[in-house]
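As you go down the protein sequences, you meet chains A and B in turn. Going by my numbering, the first residue of the first sequence is number 1, and it counts up by one from there. Going by my numbering, the first residue of the second sequence is number 1001, and it counts up by one from there. By construction, the Cβ of each residue, glycine as well, lies at the ideal position given by its N, Cα and C atoms.
2 protein chains.
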Amino acid sequence: MHQHKIKLGIFGFGVVGQGLYQTIKQTKGLQVEVIKICVKNKSKKRLADKKLLTFNKSEILNNKEINVIVELTNDTEFAFEIVKEAIKRGKAVVTANKKMVAGHQKEIFDLQQKFHVPVLYEASSCGSIPIIRNLEEYYDNDSINAVEGIFNGATNYILTKIFDDNKSYSKALKEAQEKGFAETEPNMDVGGYDSKYKLCIIITHVFGVFVKPEQIFNYGIEKISDFDIKIAKEKNCKIKLIAFTRKIGNEIFGAVFPTFVKPDNILYSLENEYNGVVVEGAFSEKQFFLGKGAGSYPTGSAVLSDISALRYGYKYEYKKYFQDLNLKFKDDFLVEVYARSEHKNSIRKNDFASISEEYKSADNHFIIGKIRFSKLTTSSWIRKPHVNVLITPENKLENLN
Amino acid sequence: MHQHKIKLGIFGFGVVGQGLYQTIKQTKGLQVEVIKICVKNKSKKRLADKKLLTFNKSEILNNKEINVIVELTNDTEFAFEIVKEAIKRGKAVVTANKKMVAGHQKEIFDLQQKFHVPVLYEASSCGSIPIIRNLEEYYDNDSINAVEGIFNGATNYILTKIFDDNKSYSKALKEAQEKGFAETEPNMDVGGYDSKYKLCIIITHVFGVFVKPEQIFNYGIEKISDFDIKIAKEKNCKIKLIAFTRKIGNEIFGAVFPTFVKPDNILYSLENEYNGVVVEGAFSEKQFFLGKGAGSYPTGSAVLSDISALRYGYKYEYKKYFQDLNLKFKDDFLVEVYARSEHKNSIRKNDFASISEEYKSADNHFIIGKIRFSKLTTSSWIRKPHVNVLITPENKLENLN
Chain A
1 MHQHKIKLGI FGFGVVGQGL YQTIKQTKGL QVEVIKICVK NKSKKRLADK
51 KLLTFNKSEI LNNKEINVIV ELTNDTEFAF EIVKEAIKRG KAVVTANKKM
101 VAGHQKEIFD LQQKFHVPVL YEASSCGSIP IIRNLEEYYD NDSINAVEGI
151 FNGATNYILT KIFDDNKSYS KALKEAQEKG FAETEPNMDV GGYDSKYKLC
201 IIITHVFGVF VKPEQIFNYG IEKISDFDIK IAKEKNCKIK LIAFTRKIGN
251 EIFGAVFPTF VKPDNILYSL ENEYNGVVVE GAFSEKQFFL GKGAGSYPTG
301 SAVLSDISAL RYGYKYEYKK YFQDLNLKFK DDFLVEVYAR SEHKNSIRKN
351 DFASISEEYK SADNHFIIGK IRFSKLTTSS WIRKPHVNVL ITPENKLENL
401 N
Chain B
1001 MHQHKIKLGI FGFGVVGQGL YQTIKQTKGL QVEVIKICVK NKSKKRLADK
1051 KLLTFNKSEI LNNKEINVIV ELTNDTEFAF EIVKEAIKRG KAVVTANKKM
1101 VAGHQKEIFD LQQKFHVPVL YEASSCGSIP IIRNLEEYYD NDSINAVEGI
1151 FNGATNYILT KIFDDNKSYS KALKEAQEKG FAETEPNMDV GGYDSKYKLC
1201 IIITHVFGVF VKPEQIFNYG IEKISDFDIK IAKEKNCKIK LIAFTRKIGN
1251 EIFGAVFPTF VKPDNILYSL ENEYNGVVVE GAFSEKQFFL GKGAGSYPTG
1301 SAVLSDISAL RYGYKYEYKK YFQDLNLKFK DDFLVEVYAR SEHKNSIRKN
1351 DFASISEEYK SADNHFIIGK IRFSKLTTSS WIRKPHVNVL ITPENKLENL
1401 N
């Protein structure tokens, strides 16, 4: 079998980059060589050979010896510039930058087609779980009905601490940040943005439809109250931040939403910083992938797998896109939710198509009922600080036809 | 991307074959055509176009139009003949026959190398879990320390019924057979042979070492008694039939053994007919794959994925074998076990290297201690009907050096 010798130019040298560098040095038979590492901060001390370091991106982009760029910065627009320039120069790209990939999916796809250069981004989605590779390679024929999962390790860690250890939200968040699971800008995690970027990328490889992050609604875990937790426990549920996409007919739905999860759902027992992805195939029924989703090792491992795959000329085929199944992403469907407010009459009952439960006390009101998703997400009340909304355990989506 | 049109000759038309045939007919865009189906029994009614059926294997093997053979018989030696003849004629092979593949791995590998024809057998191992593909493609660089899991759906179903529903062994077995999970010859499942064949195949793709089924010791679940279950529950454990392989230095260990499993092990909550595989990588830590392991759909789904992969020229690269890591399979290591007998002095205490617990009552005696695996498996007492042996929860193997 033909192998390419990989000569790397790395952008960014944080924990992932450093772990990658160490592993490449230590692992025999990898056939990978680090040629240059581009960093921003000139004063920081680095655990790499000084000769490898540069502060000028051109020293990597214009180096003809380098055939693979590893992009590990946290600057989305700079990252996209690097990717574009690399592809135009015929250099393959490996990136872990989910925000950049999700935001520029179609452009990255087009550039790959035009210049016949692979861009791999397994590390962008669900840490060490090889979900994109599996969706690309293993499920191409098996018509998939749905993919759902816990895509963010930090929020799952926080929810675990809140639920199992009765910790407060702020204490649990601080702990997650100390452990390196949560980003310094926690809204990315707890607001559901990180999960949404991953969902965008996954939808492309599940259904062959390019969806922009702006098209997907995300709701975070910040407003979960002691009362919500009490209700969840009474209903024998946990609360998890679930990202999901589902096909009904020719329509694709998708969102990121905190959800009541019952013990018979495999995601119920997925705790701490773990990520899990459930793939529901028409033929193979449910399959479950689990792995650590946060931290430098899982990401580094995924980056290394992509680099190694390039040795054998691997590229994403985007088979489902080319199958042209005429699927459309829609942000409107019927969903059952629990909507809770600390104030009376905050939640507009008329917005609901049907109501199955209603509760009122001095401090808390809630409604459980079915509502059009477009009505829910554009409602005046969903963004109020004293209102919280969760999807009910069944998460049975219905289309509106 | 170049695609081959697949023209199939199928051997065997049981539930898996029929499901496959139906799915191919129903799924658009598969680019797969069934040319001939070879069956044994002339009198059975079949749900396929009569023109497709044949009773003569040469009508498939000598048909130049057919480029892929799907082997779904339950006759091991006939199956191997078919595979050999197909490869020699340049026809790719997809098979679900774990006993055949495990028993002839090196020969099948050699034939593939010689005739440059792919043989895919994802369906032979752990149903719908794409474990071989992942070990081949995704983990090639990441040095893996261990793989362990529940590889047999029937035994897991039986153990679930015994543990959670307090059913007797015989009743649980009957139920598993009625549901189509257990083979008609239950010893294949409950004796651990089925798991062992899968482990053989998996070891090749984890460590690049060809191991014969005879080299791997398997112990079944048939002798688990009410007392064993009571002890397991007292220790807050369940009993699961675990197949495992682990690398320590340059030595590879592997066996199939009923094992006490604690709640912190992900396999503890894996119930019913599900299979689960834990991959422990040096870098990516633990990853977990879960899917249904028994029944016709999971197998059919895996067969279809392999057929589809052939459209894109996929083949196993056996990268780890070619990396020539000089690993050796050894059947000797130190292991901690629980050995129980209904008779006094049945278990030879002197065989143990150390003993940490000992229990005696009128009806039951047990010892928990460390023992050389080779001493355990060749002991006079392990095969006695009134003696049962389980591996303790830690399953901490030690090599003997």
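| Check | Outcome |
| --- | --- |
| Apply the 10 Å Cβ neighbour rule to Leu47(A) and answer buried if 16 or more other Cβ atoms are within range, or exposed otherwise. | exposed |
| Against chain B, does Leu290(A) count as a neighbour if the rule is that its beta carbon must be under 7 Å from one of theirs? | yes |
| When you compare the CB of Gln18(A) with every CB in chain B, is at least one pair closer than 7 Å? | no |
| Could you compute how far the alpha carbon of Pro1213(B) sits from the alpha carbon of Ala1339(B)? | 24 Å |
| Would a C-beta distance cut-off of 7 Å place Ser124(A) and Val101(A) closer than the cut-off? | yes |
| CA-CA distance, Asn272(A) and Lys1384(B)? | 44 Å |
| Express the C-alpha separation of Lys1050(B) and Met1001(B) in angstroms, rounding to a whole number. | Residue placement at Met1001(B) cannot be trusted, given a pLDDT of 45 that sits under 50; the coordinates are not used to answer. |
| Less than 6 Å between C-beta atoms, sequence neighbours within five positions excluded: which residues of the same chain meet that for Gly1276(B)? | Gly1149, Ile1150, Leu1267, Leu1270 and Leu1290 |
| On the DSSP bridge assignment, give the partners of Thr1245(B) in chain order. | Val1147(B) and Gly1254(B) |
| Does Pro1130(B) come within less than 7 Å of chain A when only Cβ atoms are used? | yes |
| If you follow the alpha helix (DSSP H) that Gln1031(B) is in, where does it begin and where does it stop? | Per DSSP, Gln1031(B) belongs to no alpha helix (DSSP H) and is neither H nor E. |
| Could you please tell me which residues of the region 338 to 368 of chain A, in chain order, have their CB closer than 8 Å to any CB of chain B? | none |
| Using the three-state DSSP reduction, which class does Phe1080(B) fall into: helix, strand or coil? | helix |
| Sorted by chain position, which residues of the same chain lie with C-beta nearer than 7 Å to His1386(B)'s C-beta, five sequence neighbours on each side aside? | Ser1341, Glu1342, His1343 and Ser1346 |
| Per the contact definition of three or more C-beta pairs closer than 8 Å, is the region 1258 to 1267 of chain B in contact with the region 1121 to 1137 of chain B? | no |
| Would you say the beta carbon of Thr204(A) comes nearer than 6 Å to a heavy atom of the ligand FAD? | The model on display carries no ligand, and the ligand FAD is accordingly not part of it. |
| What does Asn152(A) reach in chain B if we use C-beta pairs closer than 7 Å? | Result: empty, since nearest Cβ-Cβ is about 17 Å, beyond 7 Å. |
| If the criterion is Cβ atoms closer than 7 Å, does the pair Gly1127(B) and Thr1299(B) meet it? | yes |
| Report the rounded CA-to-CA distance for Asp110(A) versus Ile1006(B), giving the unit in angstroms. | 29 Å |
| What residue ranges within the region 311 to 377 of chain A form continuous beta strand (DSSP E) runs of no fewer than 3 residues, ordered along the chain? | 334 to 341, 352 to 360 and 365 to 372 |
| Is it right to say Ile355(A) is buried, meaning 16 or more other beta carbons lie within 10 angstroms of its own, or is it exposed? | exposed |
| Kindly list, in the order they appear in chain A, the residues whose Cβ is closer than 7 Å to that of Tyr1138(B). | Pro130, Arg133 and Ser305 |
| Using DSSP's beta-bridge definition, name the partner residues of Tyr467(A). | In the structure as shown, chain A starts at 1 and stops at 401, and residue 467(A) therefore has no counterpart that could be examined. |
| Look up Ala92(A) in the DSSP assignment and give the residues it is bridged to. | Val68(A) |
| Evaluate the contact criterion for the region 1067 to 1085 of chain B versus the region 1004 to 1023 of chain B: three or more CB pairs, one atom per stretch, below 8 Å. | yes |
| With C-beta atoms as the reference, is Val117(A) less than 7 Å away from Ile87(A)? | yes |
| Is there a Cβ from chain A that is less than 7 Å from the Cβ of Ile1242(B)? | no |
| Opposite Lys1007(B) in the DSSP bridges: which residues? | Glu1033(B) |
| First and last residue of the beta strand (DSSP E) that includes Gly1180(B)? | Here Gly1180(B) belongs to no beta strand (DSSP E), and DSSP marks it neither H nor E. |
| At a Cβ threshold of 7 Å, is Met1(A) touching chain B? | With a pLDDT of 45 at Met1(A), under the threshold of 50, the modelled position of this residue cannot be trusted; read the value that follows with caution. So yes, Met1(A) belongs to the interface. |
| Buried or exposed for Val389(A), going by 16 or more other Cβ atoms inside 10 Å? | buried |
| Would you list the residues sitting across from Phe109(A) in a DSSP beta bridge? | The partner list for Phe109(A) (beta bridge, DSSP) is empty, contrary to what the question assumes. |
| For Lys286(A), which three-state DSSP category applies? | strand |
| Kindly provide the ranges of any alpha helix (DSSP H) runs that are 4 or more residues long and lie completely inside the region 180 to 226 of chain A, ordered along the chain. | 187 to 190 and 193 to 207 |
| Tell me whether the beta-carbon of Val1211(B) lies closer than 7 Å to the beta-carbon of Ile1203(B). | yes |
| Check Ile1162(B) in the structure and name its three-state DSSP category. | helix |
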